Amino acid sequence: MEDDGADADADPYAERYGQIPRSFDPSDPDPVESYGTGERPAEREGYSATADAYGAADINRGASGRRRAGSEYGVADPTPASVCPRHPDRVAYVRCQRCDRPACPECQRPAAVGVLCVDCAREMERQQRQTAPRTTLGGATSSGRPLVTYTIIGLCVLAYLGQTVAPGVVENLLMFAPFRALAMPWTFLTSGFLHGSLMHLAFNMYALWVVGQYLERAMGPWRYLAVYLVSILAGHTAVLLLTDPMTTSWVGGTVGASGGVFGLFGSMFVINRRMGAESGQIIVLIVLNLLITFMVPGISWQGHLGGLLVGTATTAALFATRPKASPGADRVALARRSALIHAGVIAGAVLLCLGLVAVRAMTVPTGALAGW
């Protein structure tokens, strides 16, 4: 006859886990009656209220879901809580999805799935910069909207409103005139934002809108803006060089963004040629505008011609000095080198214009230039 007491002592649960399974004790408070009172059943050997509430298996599992070595069910885990590597005084409950290191809230960076630590976020940004698309001149692409073109058009419209509200005041401060060019050197640029009539403004802004959107994406924002401003500077430099001091044009003002727009025409021609795109349309556009320039009286042909020549030459120089990429080259370093070289090209174009202004100042008759 088998002994029932021997079977109870050889309980497989106790043999496997080294614990006595929880049994009901009449002295325990009724769970329904004790709900919300803060009372918990008395803890006895083999029973943990926390383990009973959440499950001993969950307590003894790490972040990976595996049971931690050395921990037993119903026994407190001696493993210390994870801390942030950058802030050892802070407990970190979240791990980086890339390197699995703990990260405190201050060091967490949102990712497509989960979060990244600061170091992994920086590494991901560096890799993205390496593979980011570049413009035809090696610069960073624009954000999608032609913000520089929008800004130029907005400034021209505001300047025209100022001319309308306070006629004569804005022109006296910002308009370029050869006889006072040295006394008011800022007018070499500011006069490019003034216009003589609403029709003049509309034609120039439409042309800028048509070619500006394309060139801002192709060249990058700052190179596009630099070529535009250098073309305006070159246009007024040509006016100073090619205007006879003995005529009324020497004391008359020159306004309009046409010098910059003609410079962008030349840039578009160079880019299309270098990229193998169709150039016939831009050639026709340049020829038609030159015919209008020389046939219609009252148009500053010097400004148009100067802007066209310098804008074309500057863009060609940007292409000629563009660093060549090799397989495995650091694209970020290559972009920095390209930016430095092209900044030098733009500076060279500005110095050329300033040198021509200085030569003209020394060759005009005495008294022809105010302040000289």
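Going by my numbering, the sequence shown opens with residue 119, and the numbers climb by one from there. For every residue, glycine included, the Cβ atom is placed at its ideal position computed from N, Cα and C. In this text the structure is predicted, and so the values were computed from the model without any measurement.
Within the same chain, and ignoring the five residues on either side of histidine 318 in sequence, the residues whose Cβ sits closer than 7 Å to its Cβ are Gly374. Proximity of the region 450–460 to the region 377–395 falls short of the contact definition, fewer than three beta-carbon pairs being nearer than 8 Å. Excluding sequence positions up to five before and after arginine 298, its CB lies within less than 6 Å of the CB of Ala488, all in the same chain and listed in chain order. Under the DSSP assignment, arginine 391 falls in the alpha helix (DSSP H) whose first and last residues are 376–393. In terms of Cα proximity to leucine 347, the closest of Ser385, Ala284, Thr361 is Ser385. CA-to-CA, the gap between isoleucine 350 and glycine 421 works out to about 8 Å. Within the same chain, and ignoring the five residues on either side of arginine 478 in sequence, the residues whose Cβ sits closer than 6 Å to its Cβ are Leu358, Leu359. About 6 Å separates the CB atoms of valine 212 and valine 233; that is less than 8 Å, so the two are in contact.
Alanine 344 and arginine 208 have their C-alpha atoms spaced approximately 50 Å apart. In this structure, threonine 430 sits near phenylalanine 387, with a CB-CB distance shorter than 9 Å.
For alanine 356, the uninterrupted alpha helix (DSSP H) segment begins and ends at 339–360. Counting along the chain, the unbroken alpha helix (DSSP H) around glutamate 289 starts and ends at 287–292. Our two residues, valine 428 and glycine 371, have alpha carbons roughly 22 Å apart in a direct line. Taking C-beta atoms as the reference points, phenylalanine 437 and isoleucine 389 count as a pair closer than 9 Å. Residue state for valine 414 is assigned as coil, using DSSP reduced to three classes. Under DSSP, no beta-bridge partner is assigned to proline 303. Arginine 227 is bridged by DSSP to Leu234.
The Cβ-Cβ distance between proline 223 and cysteine 214 does not fall below 9 Å. Excluding the 5 residues flanking it on each side, arginine 391 has same chain C-beta neighbours closer than 6 Å at Ser397, in chain order. Each residue's CA atom was taken as its position, placing glycine 272 and glycine 473 some 31 Å apart.
The C-beta distance from valine 275 to glutamate 334 rounds to 18 Å, too long to fall under 8 Å, and the pair is not in contact. Distances from the alpha-carbon of isoleucine 404 to those of Ala395, Gly394, Met393, Ser376 put Ser376 closest. As the crow flies, the alpha-carbon of valine 482 is around 30 Å from that of leucine 409.
Counting only residues of its own chain and dropping the five nearest sequence neighbours on each side, arginine 240 has no CB closer than 7 Å to any other CB.
Taking all protein chains shown into account, glutamate 243 has fewer than 16 neighbouring C-beta atoms within 10 Å of its C-beta and is therefore exposed.
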